[in-house]
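Since the structure comes first, as structure tokens, the remarks are kept for the end.
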Amino acid sequence: MPKKKNRPWVWNFGLLLGSTLFALLLAELMARDLVSHEFLRIRYYRFATVLNLIPETSEFDEKLGFKIRPNLDYEFVNPDYDTHVRTNSMGFRDDEESLDSPRFLFLGDSFTFGWGVEEEEGFVSLFEKRSGEKSLNMGVPGYNIIQETRLLDMTYPRIQGEDQVVVLVLYDNDVYENSYPLYSPFPTIRKKGDEIIQRDPVEECFRIAQVQHIPSFKRNLRRWSLLADLAMLHLDPGEPAILPDGESPIDYDPETDGVAFTLTESFEPALRLLQSELEKHDLPLYAVYIPPVGGLAGERRPFADTFNETMDKLGIPHLDLTPFLTVEDYYFIDCHWRPSGHTKAANAIFDFLGNQGLLRPETN
13 MPKKKNRPWV WNFGLLLGST LFALLLAELM ARDLVSHEFL RIRYYRFATV
63 LNLIPETSEF DEKLGFKIRP NLDYEFVNPD YDTHVRTNSM GFRDDEESLD
113 SPRFLFLGDS FTFGWGVEEE EGFVSLFEKR SGEKSLNMGV PGYNIIQETR
163 LLDMTYPRIQ GEDQVVVLVL YDNDVYENSY PLYSPFPTIR KKGDEIIQRD
213 PVEECFRIAQ VQHIPSFKRN LRRWSLLADL AMLHLDPGEP AILPDGESPI
263 DYDPETDGVA FTLTESFEPA LRLLQSELEK HDLPLYAVYI PPVGGLAGER
313 RPFADTFNET MDKLGIPHLD LTPFLTVEDY YFIDCHWRPS GHTKAANAIF
363 DFLGNQGLLR PETN
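Numbers given in the numbering used here equal positions in the sequence shown, counted from 1, plus 12.
Dropping the structure here:
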């Protein structure tokens, strides 16, 4: 009987491959252990399913920059949650009946939209159920105050009714997101001498952002491996969707286009713009502040004071939700509210608007 040949190279190759994979796994675990929670959160949003950017759920709008598609029926899944998103004929995460003369109009971003929870678990739905007042959820993920103002202007003829109230729900980033550069997918306000001017979004920027969020092998590899992400980020940082004035491919003339506000400087003029729009329709404005999870964990809250001071200055009745929430009400990485956060917010807003005399006696 012939002797079996020894194949030491097979054993050596297997040993080398196994050792390499083990070393990579160990390096991956060590890297994840060393990075900060803030880094993980930022990285998460580079690879998460972002409703306002992926082609299946979003579309460009020349005035708003982007919007959620109407009549949507979509399974919205990220590591922290698995939810279902439906929108009505106007692209709002609400039923069709709510478009017919709603009493309360809730403007806001992803928190108002109900990011990470089912529609009936969102605070707008919970407030409507408790108060008995028809309420329309006009929240759109990623929106700034300029977009919310334009959205109201564009949609109000369809949703107009009697004795209506606008509730503006703000998060920390709303203090500064109204001052984006010209080359961005957002409408923005700018300074031109003593004048405040508006500039429209750039479609090319939105398309770049969409391409970056289309699923692919490369994107999935970077999503699941921190080491692969860091390597590819160094080798191919990608095309930026937002560029500072003077660095963008579009012509920039300060005399025509004005100059950008500083981070917090744009907050007050953006609110004044919204107030001016509401005055056209004789609509009262109330505001609600959502603290970031870091603000509940003892970190510095640089924009909370700006919110309260500006609201007092402009005479806008407002509610700070900080005392009502805990860290446990937020998803760990995603940092949006769990259902418990929405429940607490709905109850606090109910009490706040009731104390303002805006609810019917039988529900207040």
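Ideal Cβ positions, reconstructed from N, Cα and C, are used throughout, including at glycine.
- Under the three-state reduction of DSSP, D332 is assigned to strand.
- With contacts defined as CB atoms closer than 9 angstroms, I201 and N185 fail to qualify as a contacting pair.
- Cβ-Cβ distances below 8 angstroms link K325 to E280 in the same chain, with the five nearest sequence neighbours on each side left out; the list follows chain order.
- In terms of Cβ geometry, G173 and N149 do not form a close pair [threshold 9 angstroms].
- Counting only residues of its own chain and dropping the five nearest sequence neighbours on each side, F104 has a CB closer than 7 angstroms to the CB of L148, N149 and M150.
- Secondary structure of I66 (DSSP, three-state): coil.
- F59 and R235 have their alpha carbons spaced roughly 6 angstroms apart.
- Counting C-beta atoms within 10 angstroms of its own C-beta, K230 has fewer than 16 neighbours from the protein chains shown and is therefore classed as exposed.
- Per DSSP, S260 is not a residue of any alpha helix (DSSP H), being assigned neither H nor E.
- Just so you know, the alpha carbons of E132 and L247 end up roughly 44 angstroms apart.
- The region 260-313 is shown to contain whole beta strand (DSSP E) runs of 3 or more residues at 297-302, in chain order.
- Beyond the five residues adjoining it in sequence on each side, N100 comes within less than 8 angstroms, by CB distance, of P82, N83, D106, D107, E108, S110 and L111 in the same chain, given in chain order.
- With a contact defined as Cβ atoms closer than 8 angstroms, Y195 and C217 qualify at about 6 angstroms.
- With a contact defined as Cβ atoms closer than 8 angstroms, P256 and P329 miss out at about 37 angstroms.
- Assignment of Q172 by DSSP, reduced to helix, strand and coil, places it in the coil class.
- In the structure shown, the three-state DSSP call for K79 is strand.
- For P303, the CB contacts under 7 angstroms within the same chain, skipping 5 residues up- and downstream, are R313, A316, L333, T334 and L337 in chain order.
- Close CB contacts of E215 within its chain, under the 6 angstroms cut and outside five residues either way in sequence, are with F72 (chain order).
- One alpha carbon belongs to T318, the other to R55, and they sit about 28 angstroms apart.
- Here the region 87-94 does not lie against the region 256-276, with fewer than 3 beta-carbon pairs under 8 angstroms apart.
- Within its own chain, the residues whose Cβ lies closer than 6 angstroms to the Cβ of A240, once the five positions on either side in sequence are excluded, are L233 and R234, listed in chain order.
- In this chain, V129 is not harboured by any beta strand (DSSP E), its DSSP state being neither H nor E.
- The alpha helix (DSSP H) runs of length 4 or more contained entirely in the region 146-203 are, from start to end of the chain, 157-171.
- Annotation for Y168: H293 place their beta carbon closer than 7 angstroms to its own, counting only its chain and skipping 5 residues before and after.
- For S122, the closest alpha carbon among the candidates K146, L182 and Y86 is that of L182.
- V136 has no beta-bridge partner at all, per DSSP.
- When P197, E160, F344 and L275 are compared, the shortest CA-CA separation from S260 is found for P197.
- The straight-line gap separating the alpha-carbon atoms of D175 and Q287 is approximately 17 angstroms.
- The DSSP-derived three-state label of L370 is coil.
- As computed with DSSP, F72 is found in a beta bridge with F78.
- Around the CB of M42, fewer than 16 other CB atoms lie within 10 Å, so the residue is classed as exposed.
- Less than 9 angstroms separates the beta-carbon of D212 from that of P199.
- Under DSSP, N90 takes part in a beta bridge, and its partners are Y93.
- Taking C-beta atoms under 8 angstroms as the contact rule, F116 and E160 fail to qualify, at a distance of about 15 angstroms.
- Here DSSP, grouped into helix, strand and coil, assigns R115 to coil.
- Beta-bridge pairing by DSSP links D85 to R98.
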